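Peer 1: Below is a structure I'd like to ask you about.
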């Protein structure tokens with residue numbers, strides 16, 4: 038049985054209000070999908086569903102709850118899909134994943150699909166959707182095991198930080214040149230490791246996903262994202278996927294929510 042956890046957390050500096058409703062919207066839309074592309078029936082009654090109930094006005098408590106619940110989930114569940122929320126939730130989720138791997142003497146691997154680096158230098162006490170990855174790296178996530186895919190709008194300080202940290206990157210031109218081979222390389226990157234995948238839906242072009250926290254032109258097509266995730270979903274060491282930054286309140290014809298539901302269906 039697939040394990041799905043709603044994590045309706047937001048700390049997007051006022052830019053992501055509405056993303057906390059994405060989990061419910063995605064699951065509602067999932068009921069309109071009869072089967073995924075492998076022909077597997079999508080029966081929502083067979084999904085083991087939980088929610089980490091959060092008060093977004095108290096970020097300290099919210100982050101502790103996300104961490105505590107996620108750590109227990111990693112100890113108990115072979116594979117979990119987390120539905121955000123904005124990208125700030127990934128800090129506590131992946132921090133729990135890192136600590137779980139260290140306690141279990143396993144090697145953690147993180148692959149991030151995102152139009153942005155999320156490596157801004159900030160004085161924020163708690164991770165935001167702009168700096169969560171940098172805070173995670175500062176906390177000791179091994180940068181040799183981080184792969185960033187689909188970035189297309191980085192600030193100067195983020196470029197410098199990622200270069201110093203030697204974070205591996207795959208840009209969109211590489212993907213477009215040979216999607217199959219590059220996807221092979223993405224999968225190979227996680228070989229022998231415990232894998233966490235973080236999908237900020239703004240990695241997809243706004244033509245296909247118009248309502249994200251910070252849309253960026255020139256992204257992946259929905260078909261490319263579906264293909265990549267279908268392939269990665271077969272990786273033996275895959276332990277978790279998060280899907281974040283979908284804002285149902287600002288969606289156009291429910292397109293972004295539908296894509297989120299589609300991606301979820303392909304991971305089941």
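Residue numbers (the numbering used here): 38 to 305. Where a beta carbon is used, it is the ideal one built from N, C-alpha and C, also for glycine. Every value quoted in this text rests on a predicted model; they were computed, and no experiment measured them.
With a cut-off of 8 angstroms on the beta carbons, I'd call residue 166 and residue 123 a contact; round off their distance for me.
Peer 2: Reading the chain shown from its first residue, position 129 is the one you call residue 166. Reading the chain shown from its first residue, position 86 is the one you call residue 123. At roughly 5 angstroms, the Cβ-Cβ gap stays under 8 angstroms, so residue 166 and residue 123 are in contact.
Peer 1: Return helix, strand or coil for residue 141, following the three-state DSSP convention.
Peer 2: Along the chain shown, read from residue 1 onward, the residue named residue 141 stands at position 104. It is coil, neither helix nor strand.
Peer 1: Using the beta-carbon count (16 or more within 10 Å), is residue 175 buried or exposed?
Peer 2: For this step, residue 175 is matched to residue 138 along the chain shown. The residue in question, residue 175, is exposed, as its Cβ has fewer than 16 Cβ neighbours within 10 Å.
Peer 1: Let me check one thing: in DSSP terms, what residues is residue 41 bridge-paired to?
Peer 2: Sequence index remark: in the chain shown, residue 41 carries index 4 (1-based). Note: residue 41 is bridge-paired with 86, 118 in the DSSP secondary-structure output.
Peer 1: Between residue 53 and the ligand SAM, is there a pair consisting of the residue's CB and a ligand heavy atom that are separated by less than 8 angstroms?
Peer 2: Although the ligand SAM was asked about, the structure shown includes no ligands whatsoever.
Peer 1: Is it true that the stretch 128–144 meets the stretch 99–114, where meeting means three or more beta-carbon pairs spaced less than 8 angstroms apart?
Peer 2: yes
Peer 1: State buried or exposed for residue 172, treating a residue as buried only when at least 16 other CB atoms are found within 10 Å of its CB.
Peer 2: Working through the chain shown from its first residue, we reach residue 172 at position 135. Buried, since its Cβ has 16 or more Cβ neighbours within 10 Å.
Peer 1: Starting from residue 234 and walking both ways along the beta strand (DSSP E), at which residues does that stretch end?
Peer 2: Here residue 234 corresponds to residue number 197 of the chain shown, with the count starting at 1. Segment 231–237, the beta strand (DSSP E) holding residue 234.
Peer 1: Rounded to the nearest angstrom, how far is the Cβ of residue 283 from that of residue 258, given a contact under 8 angstroms?
Peer 2: Looking up residue 283 in the chain shown gives position 246. Looking up residue 258 in the chain shown gives position 221. The beta-carbon separation of residue 283 and residue 258, rounded to 17 angstroms, does not stay under the 8 angstroms limit for a contact.
Peer 1: Counting only the same chain and skipping the five closest in sequence on each side, list residues whose C-beta sits under 6 angstroms from that of residue 231.
Peer 2: Locating residue 231 in the chain shown gives position 194, counting from the first residue. Hits under 6 angstroms: 138, 143, 145, 274, 276.
Peer 1: Using the DSSP secondary-structure output, state which residues sit across from residue 205 in a beta bridge.
Peer 2: Start at 1 with the first residue of the chain shown, and residue 205 comes out as number 168. Paired residue(s): 184.
Peer 1: In three-state terms, what does DSSP make of residue 220?
Peer 2: Residue 220 sits at position 183 when you count from the first residue of the chain shown. In the structure shown, residue 220 sits in a helix (DSSP, three-state: H, G or I).
Peer 1: Would you tell me roughly how many angstroms separate the C-alpha atoms of residue 301 and residue 60, rounded to the nearest one?
Peer 2: As a first step, residue 301 must be located in the chain shown, where it is residue number 264. As a first step, residue 60 must be located in the chain shown, where it is residue number 23. Cα to Cα, residue 301 sits roughly 11 angstroms from residue 60.
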